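In our numbering, the protein residues as written are -1 to 803. A quick write-up on the structure given underneath.
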């Protein structure tokens, strides 16, 4: 067979965060995606990447908001989210973007540009939206950045002080085979949701969570699920369900610690050699600090779990090789640092950290990565350059930043100031999905002069921007698939032409950089294909120098389409080297050990986050007086049929809807008390907002708790008196589609981390008594060209809006 014939016969691959896919009949109307043959448990989400319903909502040409253009001409403007868009040519759009960037920098400095651009974007090592936009903005002089994430705001800030960074921990979890061989008791706070593990940052070639759990069950592992929801773990067999009150897990862990102390079951040798500060924590647990011993009876009153069961659980943990797993959701709450800190403290007391099958995990099921047996290698990266702007925000404080310029905030013990942002530039994300209190975010979004986005689809965030530039999808560009602890790398080949006039982010930024005078610095004289070759060759050389891994030349790799990475066969055990020799292998904490008490954090002097794990009442929970008005606790978990809000408009996502609405699950008794049946259209509400959803009564959710998954595209509507009883729908925002962030609170976890607190939220649910308003989340039209955009702003201050600063 000739080289040409071999190249034609080689499989063609593409990748997404949901998996690796072989492509049949690329660049044709008959193109189909099929899961990679090496994936024993693939997900169907990515199979809809090229579905006609998905493509129908593509941004096809650059578009500009009419109200923004009107202000540039000196005419009255309109609020974002309330008017039409005008399609324009690429040159006009890029000129507008370049002019506005220059104006803001000249008038206000680079500190007035927010380019954090948070979001999952797309798989691929080069066409990574955040890397592209950060390189561009750094070349322009810098931008205000963000730190941490919505998923792990509290944990990312906290865990380096206690044991290790979250990046290090999640990439080093004990592998599934080791768990099956050694673990006897698997205790999970928040389950092991396989739906969350459909995804991995950068993609995956094999989904491991469900096979891993099944193997553990077959080995006889005992599973206990501490969660308000029964079905967030599925082993294929028996799982003991402890339906805890939401946000009270810290109290349970403190009671476990109390029992270990009074029964003298804590491992004093491990605590003495591998930890610091246990004595301070012990005094608090025993009540010597505040007069309240953290007994099982004390915890029972808070958690709703029987005291005898709590005490027995502590005994069982000490008597078995025990793994304690904790879902990320627990730290996405008010005082979210505390359950993670308590987890580390209890695991340290048991003395099993670093043993095969024992210790702690954060968290199996949060993504596909955790538990992988494959080799941990670094991947190729696109250099982002240096950011000359020092200002930053914790990522979940974006609305505070826009609404409170010049005000101060604390972060990890230091005081900082919110910058005065005039321009927001976003690529690869959807803030109107992941942020809380969307009514407040909508208000904050009116503050900047200009908002620019690169977007593939007309998402809620695109509909809230001033300039929308059409971006290509993964299917429309070449790239390289690699993700840490995956067994293969793959050539991601372009398999369809860009829809409309869509362009990749690199091409867009290269043209903008040329207009702004740093084109050569941004591109270094390379097009996208040349960059792929450089990234791969550099990576290949680095692997050869630092490891025993030898990659084929780029041309060979590209022709083959996929390359299997060599594996060592070694088992992965979290913190095993530290356990074996804590002196030779110290942690990167202040002491080099596990910090049950952190003097560093204690010295910050923060009342809401002292130097050890402690119980602090959330601002909303089922034990607060607010339950008299809003008696149900809302859990807004990850969806099972999409990644956050990505591909919400696909048939796969919409297939789970009931009469076009997201399902909201509630306890069958709570439903009966409200006259609610399966499929009943209900309004869920609190003082922050309301949304419509379709009810699903279930015995698998704790009384007093409802679950509405995230991901439905924000679809707000105004409710007027003629729609019915206006008093019952008078909330700051009314979402017709079922987006729980119309309800959640934009309140920080603490003054230490400033993390997201979506899981601390009380609501009420009632039958919707009126005609169902139409869902318009997927309905959008762009006006045909009518006028040319104004060449320049008419006032020195630039565009403004009806909302004053």
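Beta carbons are placed, not taken as given, at the ideal position from N, Cα and C, and that holds for glycine. A quick note: this is a predicted structure, and the numbers were derived from the prediction, not measured.
Practice task
Could you tell me the boundaries of the alpha helix (DSSP H) in which residue 558 lies?
Solution key: 552 to 558
Exercise for the section: Less than 8 Å between the CB atoms is what I'm expecting for residue 360 and residue 324, so what's the real figure, rounded? Expected result: 5 Å
Practice task
Following the continuous alpha helix (DSSP H) through residue 536, name the residue where it begins and the one where it ends.
Solution key: 526 to 544
Exercise for the section: Please report the Cβ distance between residue 37 and residue 171, rounded to the nearest whole angstrom; I am assuming they are in contact, meaning their Cβ atoms lie under 8 Å. Expected result: 20 Å between Cβ atoms; not a contact.
Problem - Of the listed residues 331, 347, 320 and 245, nearest to residue 260 (C-alpha basis) - result: 347
Handout entry: Option in 710, 632, 644 and 733 with minimal Cα separation from residue 702
Key = 632
Problem - Neighbour-count burial assignment, residue 140, 16 or more Cβ in a 10 Å radius - result: buried
Handout entry: Status (buried if at least 16 other CB within 10 Å, exposed otherwise) for residue 71
Key = exposed
Problem - DSSP-derived helix/strand/coil call for residue 86 - result: coil
Handout entry: Pairwise C-alpha distance: residue 441 and residue 68
Key = 20 Å
Handout entry: CA-to-CA distance, residue 450 to residue 420, given in whole angstroms
Key = 11 Å
Exercise for the section: Compute the Euclidean distance between the alpha carbons of residue 638 and residue 646, then round it to the nearest angstrom. Expected result: 11 Å
Practice task
Since I believe residue 464 is in contact with residue 66 (beta carbons under 8 Å), could you give me their beta-carbon distance rounded to a whole number of angstroms?
Solution key: 4 Å
Practice task
Below 8 Å CB to CB, which residues in the same chain sit around residue 558 once its five sequence neighbours on both sides are set aside?
Solution key: 8, 489 and 550
Handout entry: Paired residues, beta bridge with residue 392 - DSSP
Key = 145
Exercise for the section: Would you kindly report the start and end of the unbroken beta strand (DSSP E) that includes residue 689? Expected result: 688 to 696
Exercise for the section: Enumerate in chain order the residues of its own chain whose CB-to-CB distance from residue 24 is below 6 Å, with the five nearest sequence positions on each side excluded. Expected result: 10 and 493
Problem - Complete alpha helix (DSSP H) runs within the segment 405 to 432 (minimum length 4 residues, chain order) - result: 429 to 432
Handout entry: Other residues of its chain near residue 714: CB distance less than 6 Å, five sequence neighbours each side excluded
Key = 731 and 733
Practice task
With DSSP as the reference, label residue 796 as helix, strand or coil.
Solution key: The predicted position of residue 796 is uncertain, since its pLDDT is 35 and thus under 50; a value taken from the coordinates is nonetheless stated next. Residue state, collapsed to three classes: coil.
Handout entry: Rounded straight-line distance, which links the Cα of residue 295 to that of residue 188
Key = 22 Å
Problem - The alpha helix (DSSP H) enclosing residue 631, as first and last residue numbers - result: No alpha helix (DSSP H) contains residue 631, which is instead part of the beta strand (DSSP E) from 630 to 633.
Problem - When 504, 491, 472 and 512 are compared against residue 497, the one with the closest alpha-carbon - result: 472
Exercise for the section: Taking the CB atoms as reference points, tell me whether residue 285 and residue 610 lie closer together than 8 Å. Expected result: no
Handout entry: Whole runs of the alpha helix (DSSP H) within the segment 184 to 243, excluding any shorter than 4 residues
Key = 207 to 216
Exercise for the section: Have a look at residue 127 and residue 520 and give me their C-alpha separation to the nearest angstrom. Expected result: 15 Å
Handout entry: Identified DSSP bridge partners for residue 480
Key = Bridge partners of residue 480: none, in fact.
Handout entry: In DSSP terms, what residue 469 is bridged to
Key = 501
Practice task
Confirm, please, whether the CB-CB distance from residue 403 to residue 423 is below 8 Å.
Solution key: no
Exercise for the section: Give me the Cα-Cα distance between residue 719 and residue 430, rounded to the nearest whole angstrom. Expected result: Legend: pLDDT at residue 719 = 38, less than 50; position of this residue unreliable, no value from coordinates given.
Problem - Local conformation of residue 22 per DSSP, three classes - result: strand
Handout entry: Expected contact under 8 Å - CB spacing of residue 112 and residue 393 to nearest Å
Key = That belief does not hold up - the Cβ atoms of residue 112 and residue 393 are roughly 11 Å apart, past 8 Å.
Handout entry: Which listed residue (181, 210, 186 and 377) has its alpha carbon closest to that of residue 317
Key = 181
Practice task
Identify every residue that forms a DSSP beta bridge with residue 765.
Solution key: 680
Exercise for the section: Mind checking which residues open and close the alpha helix (DSSP H) that includes residue 151? Expected result: 151 to 160
Handout entry: Straight-line Cα distance separating residue 267 from residue 634
Key = 41 Å
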